[in-house]
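Mapping of the sequence shown onto my numbering: residues 636 to 765, in sequence order. Working notes for the structure below.
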Amino acid sequence: MRVKLDVKSALILICVVYTLLTITSSGFAMLAGRTTDTHAHLLMRFVVTAIGIGSILIFNLFPKWSLPAIYAFHYGVTMGVILLLMWISGFFIELHPDAYRDIFFNFTPIYILISAGLILFGRMRRPQKV
(Lines of atoms letter the chains of each structure in order from A and count residues from 1; the text may use other names and numbers.)
(Lines give C-alpha, C1' and ligand atoms only; values in the text may rest on other atoms or scores of the structure.)
Protein backbone atom coordinates (compact mmCIF):
# COMPACT_ATOMS: atom_id res chain seq x y z
CA MET A 1 0.00 0.00 0.00
CA ARG A 2 1.22 3.45 -0.86
CA VAL A 3 0.77 5.53 2.25
CA LYS A 4 -0.87 8.92 1.94
CA LEU A 5 -0.52 10.65 5.28
CA ASP A 6 -1.08 14.33 5.88
CA VAL A 7 0.20 16.23 8.90
CA LYS A 8 -3.13 16.17 10.77
CA SER A 9 -3.52 12.41 10.31
CA ALA A 10 0.11 11.85 11.34
CA LEU A 11 -0.37 13.85 14.55
CA ILE A 12 -3.54 11.94 15.41
CA LEU A 13 -1.81 8.61 14.71
CA ILE A 14 1.20 9.62 16.84
CA CYS A 15 -1.08 10.48 19.76
CA VAL A 16 -3.12 7.28 19.46
CA VAL A 17 -0.08 4.98 19.15
CA TYR A 18 1.76 6.78 21.99
CA THR A 19 -1.29 6.48 24.24
CA LEU A 20 -1.74 2.78 23.48
CA LEU A 21 1.96 2.07 24.02
CA THR A 22 2.04 4.00 27.29
CA ILE A 23 -1.10 2.36 28.67
CA THR A 24 0.15 -1.10 27.68
CA SER A 25 3.63 -0.49 29.08
CA SER A 26 2.24 1.00 32.29
CA GLY A 27 -0.12 -1.93 32.75
CA PHE A 28 2.68 -4.48 32.37
CA ALA A 29 4.97 -2.45 34.65
CA MET A 30 2.34 -2.23 37.36
CA LEU A 31 1.69 -5.97 37.14
CA ALA A 32 5.44 -6.47 37.60
CA GLY A 33 5.40 -4.26 40.71
CA ARG A 34 6.99 -1.11 39.25
CA THR A 35 4.81 1.87 40.08
CA THR A 36 6.98 4.71 38.72
CA ASP A 37 8.36 5.69 35.32
CA THR A 38 10.87 8.42 34.58
CA HIS A 39 9.87 11.49 32.64
CA ALA A 40 12.86 11.01 30.32
CA HIS A 41 11.58 7.54 29.43
CA LEU A 42 8.09 8.88 28.67
CA LEU A 43 9.50 11.69 26.52
CA MET A 44 11.78 9.27 24.66
CA ARG A 45 8.80 6.98 24.00
CA PHE A 46 6.98 9.96 22.46
CA VAL A 47 9.99 10.90 20.31
CA VAL A 48 10.43 7.31 19.09
CA THR A 49 6.70 7.13 18.30
CA ALA A 50 6.86 10.45 16.43
CA ILE A 51 9.90 9.30 14.44
CA GLY A 52 8.26 6.00 13.56
CA ILE A 53 4.95 7.51 12.45
CA GLY A 54 6.43 10.67 10.94
CA SER A 55 8.86 8.66 8.85
CA ILE A 56 5.95 7.13 6.97
CA LEU A 57 6.36 10.15 4.71
CA ILE A 58 9.44 8.35 3.27
CA PHE A 59 6.99 6.16 1.36
CA ASN A 60 5.96 9.13 -0.77
CA LEU A 61 9.57 9.87 -1.81
CA PHE A 62 10.06 6.62 -3.74
CA PRO A 63 6.84 5.97 -5.66
CA LYS A 64 8.44 3.64 -8.25
CA TRP A 65 10.07 1.27 -5.77
CA SER A 66 8.41 -2.03 -4.93
CA LEU A 67 6.60 -2.17 -1.59
CA PRO A 68 8.98 -4.72 -0.01
CA ALA A 69 11.93 -2.49 -0.94
CA ILE A 70 10.21 0.58 0.49
CA TYR A 71 9.32 -1.23 3.74
CA ALA A 72 12.90 -2.52 4.13
CA PHE A 73 14.39 0.90 3.38
CA HIS A 74 11.88 2.61 5.66
CA TYR A 75 12.60 0.23 8.54
CA GLY A 76 16.36 0.60 8.10
CA VAL A 77 16.27 4.40 8.02
CA THR A 78 13.82 4.67 10.90
CA MET A 79 15.71 2.17 13.08
CA GLY A 80 18.97 3.97 12.26
CA VAL A 81 17.52 7.33 13.34
CA ILE A 82 16.20 5.79 16.56
CA LEU A 83 19.56 4.16 17.36
CA LEU A 84 21.28 7.49 16.66
CA LEU A 85 18.82 9.18 19.02
CA MET A 86 19.67 6.58 21.69
CA TRP A 87 23.38 7.18 21.20
CA ILE A 88 22.99 10.98 21.46
CA SER A 89 20.72 10.72 24.50
CA GLY A 90 23.44 8.66 26.19
CA PHE A 91 25.46 11.87 26.50
CA PHE A 92 22.68 13.46 28.59
CA ILE A 93 21.03 10.64 30.51
CA GLU A 94 22.25 7.29 31.78
CA LEU A 95 21.16 4.50 29.46
CA HIS A 96 20.34 1.01 30.65
CA PRO A 97 23.09 -1.45 29.65
CA ASP A 98 20.59 -3.20 27.35
CA ALA A 99 19.06 0.00 25.95
CA TYR A 100 19.91 -0.71 22.31
CA ARG A 101 18.62 -4.27 22.49
CA ASP A 102 15.48 -3.11 24.27
CA ILE A 103 14.69 -0.40 21.73
CA PHE A 104 15.17 -2.92 18.91
CA PHE A 105 12.82 -5.45 20.52
CA ASN A 106 10.29 -2.75 21.43
CA PHE A 107 10.25 -0.97 18.06
CA THR A 108 10.39 -3.92 15.65
CA PRO A 109 7.15 -5.72 16.68
CA ILE A 110 5.22 -2.42 16.72
CA TYR A 111 6.63 -1.59 13.28
CA ILE A 112 5.54 -4.99 11.96
CA LEU A 113 2.03 -4.58 13.43
CA ILE A 114 1.54 -1.08 12.04
CA SER A 115 2.96 -2.11 8.64
CA ALA A 116 0.64 -5.11 8.49
CA GLY A 117 -2.27 -2.87 9.49
CA LEU A 118 -1.44 -0.39 6.73
CA ILE A 119 -1.21 -3.18 4.16
CA LEU A 120 -4.53 -4.70 5.24
CA PHE A 121 -6.21 -1.29 5.38
CA GLY A 122 -4.93 -0.54 1.87
CA ARG A 123 -6.30 -3.82 0.53
CA MET A 124 -9.70 -3.22 2.11
CA ARG A 125 -9.93 0.30 0.65
CA ARG A 126 -8.86 -0.75 -2.84
CA PRO A 127 -11.84 -1.51 -5.07
CA GLN A 128 -12.03 -5.14 -6.12
CA LYS A 129 -11.72 -5.84 -9.85
CA VAL A 130 -14.51 -7.98 -11.30
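Quick reminder that beta carbons are idealized off the backbone N, C-alpha and C, glycines included.
Using a Cβ-Cβ cutoff of less than 7 Å, which residues in the same chain neighbour residue i once the five nearest sequence positions on both sides are dropped?
i: Thr713; result: Ile686, Gly687, Ser690
i: Ala717; result: Here residue 717 turns out to be Ile, not Ala, going by the sequence shown. Contacts found: Val683, Ile686, Ile738, Phe742.
DSSP three-state label for residue i, please.
i: Ile728; result: coil
i: Lys699; result: coil
i: Thr713; result: helix
i: Leu655; result: helix
For residue i, which residues from the same chain have a beta carbon less than 8 Å from its beta carbon, with the 5 sequence-adjacent residues on both sides left out?
i: Ala645; result: Ile688, Gly689, Ile691, Leu692
i: Leu677; result: Thr657
i: Arg680; result: Tyr653, Leu656, Thr657, Ser660
What residues in its chain sit with their C-beta under 6 Å from that of residue i, if we drop five residues either side in the sequence?
i: His702; result: Looking at the sequence itself, residue 702 is Leu, so the reference to His does not match. Around Leu702: no qualifying Cβ.
Less than 8 Å between the beta carbons of residue i and residue j, yes or no?
i: Tyr710; j: Tyr746; result: yes
i: Ile723; j: Ala675; result: no
Task: 3-residue-minimum beta strand (DSSP E) runs that sit fully inside the region 661-700, ordered along the chain - done: As far as the region 661-700 is concerned, it has no whole beta strand (DSSP E) run of at least 3 residues.
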